[in-house]
Each structure stands twice: as structure tokens, then as C-alpha cells.
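Input: a single structure, listed below in C-alpha cells.
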């Protein structure tokens, strides 16, 4: 299976749900989904990660009020960038997007993430196993 085929089969790699009251949000999702979220701090940001198998889509509750505020349009989706976040961000720039911030390495060999503003003004995350 090629990387392009894998990206088509699993277009969404990760999602974040913003919170203003981190503990309340965790309790809510743990109750609604009958699960336990794993608390972590990634890149200095408190997160509560939803359980997921390594090869499946994952996500988290995030407390970062300076960067993300809950709203009807507040969920940030990370799309599968294929093999390289940097390559995908370069393609985004060439297509008229704006790269936002620097690429971040995730813990436990989970890969790398980067952010862009698309041509419509949406903030989107990209995820890949490699930086370059």
C-alpha cells in the first residue's frame, strides 16, 4: 500500500477539542464515552488523550486558552500528511496556504505535527511519522 493510498484510507490522523475548564471537559467526555482519558503535557500544553489503537485515529481534550477557545467551530482536525510534515507544509504554501508556527515532535515516536491556515482561513493541523 502506498503512502498516498494510506492517506486516502485514513485522511484524519488526530483531533483536538478545546476546553476552558480542563477537568470539567475531561469528566464530560469520560462520562459520555464511558472511557478514561490519559492526561499528558505535550509541547507545554495540558491534554487528555482519548484511547486509540496505534494505527487508528486519535484525539484529545486540550487546555490552551491562548491558542484555542471552545466554539461551534473550535475543533481542530489534524489531517494525515503522508510521510513528511515539512513536505506537506511546503505544498500548502505553494497552494496559497500560510504555515503557522514550527513543526513539533510528539513523544513516544508518535511523529510530527505542523499547522497551516488554508485558503479559506481555516486552521488545520497536519500529522506525519517523519519531519522531513
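In this note's numbering, the protein residues as written are 556 to 687.
For glycine and all other residues, C-beta sits at the position ideal for the given N, C-alpha and C.
The model shown is predicted, which means the values in this text are computed figures rather than measured ones.
Counting only the Cα atoms, residue 655 lies some 29 Å from residue 584. By alpha-carbon distance to residue 639, the top candidate from 573, 579, 683 and 569 is 683.
Residue 619 is positioned such that its CB atom lies closer than 8 Å to that of residue 600.
Residue 665 is not a Cβ neighbour of residue 686, given a cutoff of 8 Å. By the Cβ test, the stretch 605 to 624 is not in contact with the stretch 643 to 655, since fewer than three Cβ pairs between them sit closer than 8 Å. Residue 578 is not bridged by DSSP to any residue.
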